[in-house]
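When the letters of the sequence shown are read in order and numbered with numbering that gives the first Met the number 0, they come out as residues 0 to 138. Notes follow the structure.
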Amino acid sequence: MTGPERVTADGDRPAGAADGAAGGRPPRRSGLRNPERAVRGLGAGTLSLEALVLVLAIQPIRVVGGDLGGTAIGVVVALAVAAVLLAGMMRRSWAWHAGTVLQGLLMLAGLLHWSLLVLGVVFALVWAYALHVRRVILG
């Protein structure tokens, strides 16, 4: 129970205290001044962080013994560039779907090296959480 809602001794609400929008009250707001902007920022931040991690992961993968050739490095850089571009396009509704496809492509890059699969799974989970937050805030 949220807010200063009164409940009678037997646990019932007083007359007129209906749940949700059905009682004439507006739907519960998120408390954010601009929820759309906040959600776009979450998506853009997630994709930007993913791009940074991808670029910074190239050298450790090579040092640890990964057989990361020129093609694999090109794929990782291309995925990082795509993540940055999508981060800048989060105002478009299709960018959320493209971000989901990007997570799948990163997991598919796991065929080139197992650590890319691990990164793909981690960022797919983070992206799934961002989608959940978007659904909760925007409805």
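For every residue, glycine included, the Cβ atom is placed at its ideal position computed from N, Cα and C.
Drop a sphere of 10 angstroms on the beta-carbon of residue i, count the other beta-carbons inside from all chains shown, and report buried for 16 or more, exposed for fewer.
{"i": "residue 81", "result": "buried"}
{"i": "residue 102", "result": "buried"}
{"i": "residue 45", "result": "buried"}
{"i": "residue 131", "result": "exposed"}
I'd like to know whether the C-beta atoms of residue i and residue j end up nearer to each other than 8 Å.
{"i": "residue 89", "j": "residue 39", "result": "yes"}
{"i": "residue 104", "j": "residue 94", "result": "no"}
{"i": "residue 108", "j": "residue 62", "result": "no"}
{"i": "residue 97", "j": "residue 41", "result": "no"}
{"i": "residue 34", "j": "residue 136", "result": "yes"}
Could you compute how far the alpha carbon of residue i sits from the alpha carbon of residue j?
{"i": "residue 117", "j": "residue 67", "result": "15 Å"}
According to DSSP, simplified to helix, strand and coil, what is residue i?
{"i": "residue 111", "result": "coil"}
{"i": "residue 88", "result": "coil"}
{"i": "residue 67", "result": "coil"}
Grab me the residues of residue i's own chain with a C-beta within less than 7 Å of its C-beta, minus the 5 sequence neighbours each way, in chain order.
{"i": "residue 122", "result": "49, 102, 105"}
{"i": "residue 125", "result": "45"}
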